[in-house]
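Participant: Next up is a structure, given as structure tokens.
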Amino acid sequence: MVRASGIELFDADGRRYLDAVSGIYVANIGYGLGEIGEAMARQAAQVPFVYAGDFATEAETTLAERVVALAPDGLAKAYFTSGGSEANEVAFKIARRYQRAGGNESRWRIASRWQSYHGATMATLAASGKVSRRRDFLPYMLDFPKLPAVSLYRAPLGLTAQAYGEEQVREVERRLIQEDPASIAAIIIEPVTGAGSGALVPPPGYIRGLRALCDRHDILLIADEVVTGFGRTGAAFASSNLEALPDIITFGKGVAAGYAPLAGVLISSKVIERLERAAPSSLFTGYTYSGHAVSCAAGLAVLDYLDRHDLIAQVRKRESAFLARAQAAFGRHQLVGDIRGKGALMGIEFVADRESRAPLDPALGFHRRVVEAARGLGLLVRGEAGVVDGVSGDHVLVAPAFNATEAELDEIFAMLAVAIEQAARSLH
Numbered sequence: 016m017v018r019a020s021g022i023e024l025f026d027a028d029g030r031r032y033l034d035a036v037s038g039i040y041v042a043n044i045g046y047g048l049g050e051i052g053e054a055m056a057r058q059a060a061q062v063p064f065v066y067a068g069d070f071a072t073e074a075e076t077t078l079a080e081r082v083v084a085l086a087p088d089g090l091a092k093a094y095f096t097s098g099g100s101e102a103n104e105v106a107f108k109i110a111r112r113y114q115r116a117g118g119n120e121s122r123w124r125i126a127s128r129w130q131s132y133h134g135a136t137m138a139t140l141a142a143s144g145k146v147s148r149r150r151d152f153l154p155y156m157l158d159f160p161k162l163p164a165v166s167l168y169r170a171p172l173g174l175t176a177q178a179y180g181e182e183q184v185r186e187v188e189r190r191l192i193q194e195d196p197a198s199i200a201a202i203i204i205e206p207v208t209g210a211g212s213g214a215l216v217p218p219p220g221y222i223r224g225l226r227a228l229c230d231r232h233d234i235l236l237i238a239d240e241v242v243t244g245f246g247r248t249g250a251a252f253a254s255s256n257l258e259a260l261p262d263i264i265t266f267g268k269g270v271a272a273g274y275a276p277l278a279g280v281l282i283s284s285k286v287i288e289r290l291e292r293a294a295p296s297s298l299f300t301g302y303t304y305s306g307h308a309v310s311c312a313a314g315l316a317v318l319d320y321l322d323r324h325d326l327i328a329q330v331r332k333r334e335s336a337f338l339a340r341a342q343a344a345f346g347r348h349q350l351v352g353d354i355r356g357k358g359a360l361m362g363i364e365f366v367a368d369r370e371s372r373a374p375l376d377p378a379l380g381f382h383r384r385v386v387e388a389a390r391g392l393g394l395l396v397r398g399e400a401g402v403v404d405g406v407s408g409d410h411v412l413v414a415p416a417f418n419a420t421e422a423e424l425d426e427i428f429a430m431l432a433v434a435i436e437q438a439a440r441s442l443h
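Structure below.
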């Protein structure tokens, strides 16, 4: 790509692409905003870098204060990394140190859900539940327990959403008991799932029940908000709208909106107090670019832009119309089973049969057909397989920039409808 503006990308041949997934759920305020680059340049000219283990910059401390102010109550301290995988690694380290500080030496494992995605490092990949991403690295995978994926669309017929959520909590408890709760330091979940399973929203009672289980067994609850943080679901953090709050939140992507590498961790007062009693320096874990001044300046400029244009509130207000556009464009297509999501994060799950909800044969690679057809039309979406059981079940995600125009949203869904039909015809 040689040029980008708004939600448009242009390649060296002059071809235009409409970006319906914000790069990879990152470019939440679109491309080409000169004011973000100008803020970064000013910081680079002033103090481009100090090692966070020795010093802080005004950009870092100010951004930390603003991120904490946006966070749910009880999240009291922020620590910055350069990417979401690093942020989740830091969260795991904090969970381990928290347990050791409480005398729980046996607690080191991180429980997570099948079909989840938490990063590309070895520990975060071990915590991820994507079979396809783990396959080549199984010899390196730590023994992290896997909990059931939760999908209201695939709940047993006749079961209410509330009953399904409560049943899933009981299943988590059964699994924890099998694995020995005394070995588990934390459970990590995505409040609304991202790439791994396509914008699944938790059923009522599920998060509240999960929180109660964690409290009962002295297990920390980590919310991976690398995708959802900073407005993607219509709130600064999706955790703000949950039935219960996590002990740690990880974030990334949207905090600097693709203008610089930046991510981080929010830590609760409960965790900080135990760690500081044990060893005042135990929160720090060193990365060369932790709290990088230029990246933090980008983060501040992005937060300023979000505030000035009231974009998070706009995401919330547009949610119903966003889903309605998709329903109108392709909701009745014979291969579209479910259209779901929150805010400006939408998943479209495909099925072989709408009545039985049977998935398509994974050998068909239907999600790839949709993505390729869309790209051929000049539309960028992302898709994956395995939403049902790690192998079967195709979905695509739509996650445009928050400031996409109404005309651009109309174009996105019109083009995606054509791409789905083209992919369907390619099966015959």
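Residue 62 in this note's numbering is what sits at position 47 of the sequence shown, and the numbering runs on without skipping anything. Backbone N, C-alpha and C define an ideal beta-carbon position, used for all residues, glycine too. All values derive from a computational prediction rather than experimental measurement.
1) Looking at the strands, I want to know which residues DSSP matches up with E364.
2) Exposed or buried, which one is A339 when buried takes at least 16 other CB atoms within 10 Å?
3) With distances taken Cα to Cα, identify the nearest neighbour of E45 among A439, T420 and L431.
4) Would you call Q58 buried or exposed, if buried means 16 or more other Cβ atoms sit within 10 Å of its Cβ?
5) Kindly indicate the opening and closing residues of the alpha helix (DSSP H) around Y132.
6) Distance, Cα to Cα, H443 vs E436?
7) For the stretch 151-169 against the stretch 189-209, are there 3 or more C-beta pairs whose distance is under 8 Å?
8) Going by the beta-carbon positions, is the gap between G273 and G21 smaller than 9 Å?
9) Which same chain residues, not among the five before or five after S284, have their C-beta less than 7 Å away from its C-beta?
10) Please report the residue range of the beta strand (DSSP E) in which D34 lies.
11) Measuring alpha carbon to alpha carbon, tell me which residue in G358, G352 and P377 is nearest F365.
12) What is the DSSP secondary structure of F345, counted as helix, strand or coil?
13) Look at the Cβ atom of L236, then the Cβ atom of A259, and state whether they are nearer than 9 Å.
14) In terms of alpha-carbon separation, which member of V82, S254 and D409 lies closest to L375?
15) Using DSSP with H/G/I as helix, E/B as strand and the rest coil, what is D151?
16) With the cut-off set at 9 Å, would you say L78 and L315 are in Cβ contact?
17) On the criterion of 16 or more Cβ atoms from any shown chain inside 10 Å, does P171 qualify as buried, or is it exposed?
18) Residues bridged to V280 by DSSP?
19) Measure from the alpha carbon of E8 to the alpha carbon of each residue in R150, D195, P219 and A197, then state which is nearest.
20) Got a sec? Which residues, its chain only, sit under 7 Å from L392 by beta carbon, not counting five neighbours each side?
21) Since I believe R169 is in contact with R372 (beta carbons under 8 Å), could you give me their beta-carbon distance rounded to a whole number of angstroms?
22) What first and last residue would you give for the beta strand (DSSP E) that runs through I399?
23) What does I125 pair with, by DSSP beta-bridge criteria?
24) Exposed or buried, which one is K357 when buried takes at least 16 other CB atoms within 10 Å?
25) Buried or exposed: which applies to V406, given that a residue is buried once 16 or more other Cβ atoms fall within 10 Å of its Cβ?
26) Could you spell out where the beta strand (DSSP E) holding L157 opens and where it closes?
27) For the stretch 177-196 and the stretch 210-229, state whether three or more C-beta atom pairs, one from each stretch, are separated by less than 8 Å.
28) Which residue comes first and which comes last in the beta strand (DSSP E) that contains E23?
29) What is the DSSP secondary structure of I454, reduced to helix, strand or coil?
30) Exposed or buried, H324, counting other C-beta atoms within 10 Å across all chains shown (16 or more means buried)?
Facilitator: With the given structure in hand:
1) Answer by DSSP bridge pairing, in chain order: D353 and H410.
2) exposed
3) Here residue 45 is Gly; the residue named in the question, Glu, does not match the sequence. Per the C-alpha coordinates, the member of A439, T420 and L431 positioned closest to G45 is T420.
4) buried
5) Y132 -> no alpha helix (DSSP H), and no H or E assigned at all.
6) Answer to the nearest angstrom: the Cα atoms are 12 Å apart.
7) yes
8) Contact check for G273 against G21 fails: the beta carbons are separated by 9 Å or more.
9) G89 and A91
10) R31 to D34
11) G352
12) helix
13) yes
14) D409
15) helix
16) Against a cut-off of 9 Å, the Cβ pair of L315 and L78 comes out as a contact.
17) exposed
18) DSSP lists Y94 and T265 as partners of V280.
19) Given a span of 16 to 443 for the chain in the structure shown, any question on residue 8 remains unanswerable.
20) M430, V433 and A434
21) 7 Å
22) This sequence places Glu at residue 399; Ile is not what is there. Segment R397 to A400, the beta strand (DSSP E) holding E399.
23) A201
24) buried
25) exposed
26) Segment: none, L157 is in no beta strand (DSSP E) and carries neither H nor E.
27) yes
28) E23 to F25
29) Here the chain comprises residues numbered 16 to 443, so residue 454 is not present and cannot be evaluated.
30) exposed
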